[in-house]
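Novice: First the structure, which I've put down as structure tokens, then a few questions once you've had a look.
There are 2 protein chains.
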Amino acid sequence: MKNYDRLVKLIHDKQSFLCIGLDPDLDRLPDHLPRSIQGVEEFCQEIIQATSRIAVCYKINLAFFEALGLGGYDCFLRVAKMVPDDCLLMADAKRGDIGNSSRMYAKAFFEQAGCDALTVAPYMGKDSVTAFLDHQDKWTVLLALTSNEGSSDFQLRELRNGIRLYEHVLKESTSWAGLDQLMYVVGATHPGQLAQIRDLIPDHFLLVPGVGAQGGTVAGVCEHGLARNGKIGLLINSSRSIIYASTRDDFAEAAAKKARELQVQMQVYL
Amino acid sequence: MKNYDRLVKLIHDKQSFLCIGLDPDLDRLPDHLPRSIQGVEEFCQEIIQATSRIAVCYKINLAFFEALGLGGYDCFLRVAKMVPDDCLLMADAKRGDIGNSSRMYAKAFFEQAGCDALTVAPYMGKDSVTAFLDHQDKWTVLLALTSNEGSSDFQLRELRNGIRLYEHVLKESTSWAGLDQLMYVVGATHPGQLAQIRDLIPDHFLLVPGVGAQGGTVAGVCEHGLARNGKIGLLINSSRSIIYASTRDDFAEAAAKKARELQVQMQVYL
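Heads up: the sequence lines are chains S and L, in that order. Just so we're aligned, residue 1 is where the first sequence starts under our numbering, counting upward by one. Just so we're aligned, residue 271 is where the second sequence starts under our numbering, counting upward by one.
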């Protein structure tokens, strides 16, 4: 079975298309944990243990680990190893460079860190992305329409032919690889665009951040965002609303509770 | 003295606006060095020692270090420390994410690694970039028009108002910060665009990769790319043509010789 169908099966097995974002901020760790790399590691470990039956994917945000220096990078590698085999392991690192450099980033995440998926920025064009696509058993998760305010600065600009930049990114990139290798980031903060996106890419998996702290909802995303082939085609990500659900020593249970609430909303569509 | 004038002074003091890119590929290390992290470190150290009077900037390409795993990241941090104070220390990492994540990347490079400058990808818009600009004593080096073939896929596309995407990136971003904080990546492989870029941003520093292995020349860049205020406003980068000038144990001398050749061409404009 290839990437796409394997992920669809996982979603049906777990009755969930929840992705949990690990963005461990020292300042927001539960009160009883030390504000240190060790604290971050314990935090991530407990979150993963409490939620791994509910989540189909963990998205590890490299920024929060790199901010801690060498020990933080080491912690990222250890946390990556904690993610069980029945969950997709995604590095949210937004890499992208000229071909020979992108090949090195692919090595870093797909080989050294053992990730299944990596977020990639499209600005530098085809040769900056195909270096990742050379790893055919992995997912390249290309930024299309992100959840932040700044998405209107460039992504939403109309090109001369009347389509918006992010639509052009979708159109171009779908000729570089197929459903088994390319996934797209589309923010839940743009529910109105989801139907139009599905007109362009009816069946691709979308990684949808922005549910929870940023205001998006599962129902809002599913209404227009489900794959047209009936195979779901969504990974809905929540980070802060799950991992910071409690600041006390019940944080892992609280995270599991929040995750379960989202999973129950997802089950309706499965 | 602020960033801009300090860099101009450095350029005049050294009679050079050469940036040397450190992209240490295990497969291209000199024959006598071990194909290991230790080999990479020795390679970078010798290159820096041999060229630091000629270069005003070292641009360390994170991809080549991350590809080596944790030890590679450690090596990056050690190589960063080798760059002398009279050279700008730039991390070529092409980061960029939503605000709270970009703030963490800024911490990683400006605080943890002690870099003076960081390359940043613009796709996610203003709030993904301003998090770096909050570090007012540092340089945010924004991708505008890159040197690779893929630059035509998105960067060169015309928007509805007739300007190209990279021009729109320039126009928008210049309202986010001034000459002391923002520098732009413009590839030497687009000499024809440099004059138009100078019409838009007459005085900003440009980091110009693509001289050497990618085909650009110092004269080609200077003809249209010098700042209009008479203060140079260019950092011309060469990586492979300098650091891989020889595969024998004279590699550092050979690198210095190549660097000197470029510096002599630059001196004409100073």
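We put the beta carbon where it would ideally sit given N, CA and C, even for glycine. Predicted, not measured: the structure shown is a model, and the values here were computed from it.
On the DSSP bridge assignment, give the partners of S:Lys94 in chain order.
Specialist: BP columns for S:Lys94 are empty, so no partner.
Novice: Under 8 Å: do the region 329 to 340 of chain L and the region 255 to 268 of chain S share three or more Cβ pairs, one atom per stretch?
Specialist: no
Novice: Could you tell me which residues DSSP pairs with L:Ala387 in its beta bridges?
Specialist: L:Met360 and L:Trp409, per the DSSP bridge assignment.
Novice: Between S:Glu66 and chain L, is the shortest Cβ-Cβ distance under 7 Å, so that the two count as touching?
Specialist: yes
Novice: Three or more C-beta pairs under 8 Å: does that hold for the region 232 to 244 of chain S against the region 192 to 207 of chain S?
Specialist: Yes: at least three Cβ pairs fall under 8 Å.
Novice: Is the CB of S:Asn148 under 7 Å away from at least one CB in chain L?
Specialist: yes
Novice: Checking contacts by CB at 7 Å: is L:Arg434 closer than that to chain S?
Specialist: no
Novice: With 7 Å as the C-beta to C-beta threshold (strictly closer), list the residues of the region 395 to 416 of chain L near chain S in chain order.
Specialist: Gly395, Lys396, Asp397, Ser398, Leu413 and Thr416
Novice: Taking all protein chains shown into account, decide if L:Ala465 is buried (16 or more other Cβ within 10 angstroms of its Cβ) or exposed.
Specialist: exposed
Novice: Is the beta carbon of L:Ala525 sitting closer than 7 Å to the one on L:Ile317?
Specialist: yes
Novice: When burial is assigned at 16 or more other CB atoms within 10 Å of the CB, is L:Asp386 buried or exposed?
Specialist: buried
Novice: Is any beta-carbon of chain L found at less than 7 Å from that of S:Lys81?
Specialist: Contact with chain L is absent for S:Lys81, since none of that chain's Cβ atoms lies less than 7 Å from the residue's Cβ.
Novice: Can you tell me which residues form a DSSP beta bridge with S:Met183?
Specialist: S:Val141 and S:Phe205
Novice: Go through its chain and collect everything with a Cβ distance to S:Leu33's Cβ below 7 Å, but skip five positions before and after it.
Specialist: Gly39, Glu42 and Phe43
Novice: Kindly provide the ranges of any beta strand (DSSP E) runs that are 3 or more residues long and lie completely inside the region 283 to 329 of chain L, ordered along the chain.
Specialist: 288 to 292
Novice: Mind checking L:Asp293: buried by the 16 CB within 10 Å criterion, or exposed?
Specialist: buried
Novice: Grab me the residues of L:Tyr436's own chain with a C-beta within less than 6 Å of its C-beta, minus the 5 sequence neighbours each way, in chain order.
Specialist: Ala414, Leu415 and Gln425
Novice: Quick one: give me the first and last residue of the alpha helix (DSSP H) that S:Ser101 is part of.
Specialist: Gly99 to Ala106
Novice: Do S:Asn229 and S:Lys59 have their C-beta atoms closer together than 7 Å?
Specialist: no
Novice: Could one say the Cβ of S:Met1 lies closer than 7 Å to chain L's Cβ atoms, at least one of them?
Specialist: no
Novice: Closer than 7 Å by beta-carbon distance: list the chain L residues that pair up with S:Asn61, in chain order.
Specialist: Ser371
Novice: Short check: CB of S:Ser241 to CB of S:Ala213, under 7 Å?
Specialist: yes
Novice: Along chain L, in chain order, which residues have C-beta atoms closer than 8 Å to that of S:His168?
Specialist: In chain order: Phe424 and Arg427.
Novice: Do S:Ala108 and S:Phe132 have their C-beta atoms within less than 7 Å of each other?
Specialist: no
Novice: Is DSSP giving S:Ile243 helix, strand or coil here?
Specialist: Three-state result, S:Ile243: helix.
Novice: Buried or exposed for L:Gln451, please, with buried defined as at least 16 other CB atoms from any protein chain shown within 10 angstroms of its CB.
Specialist: That one is buried.
Novice: Which partner residues of L:Leu429 appear in the DSSP bridge assignment?
Specialist: S:Leu159
Novice: Under the three-state reduction of DSSP, which class applies to L:Arg498: helix, strand or coil?
Specialist: It is coil, neither helix nor strand.
Novice: Would L:Ala325 and L:Cys357 be called neighbours here (beta carbons separated by less than 7 Å)?
Specialist: yes
Novice: Going by beta carbon distance, what residues of the same chain come within less than 7 Å of L:Glu523, once the five residues before and after it are set aside?
Specialist: Taken in chain order, the residues that qualify are Ala320.
Novice: So who's on the other strand from S:Asn237, going by DSSP bridges?
Specialist: S:Cys19
Novice: Taking the alpha carbon of S:Lys126 as the reference point, which residue from S:Arg103, S:Ser147, S:Gly114 and S:Phe110 has its own alpha carbon closest?
Specialist: S:Arg103
Novice: Answer yes or no: do S:Asp97 and S:Thr119 have a C-beta to C-beta separation smaller than 7 Å?
Specialist: No. Outside cutoff.
Novice: I believe L:Asp301 touches L:Arg518 by the beta-carbon criterion, under 8 Å. Please report the beta-carbon distance rounded to the nearest angstrom.
Specialist: 7 Å
Novice: Count the other C-beta atoms from every protein chain shown that fall within 10 angstroms of the C-beta of L:Met536, then say buried if there are 16 or more, exposed otherwise.
Specialist: Per the 10 Å Cβ criterion, buried.
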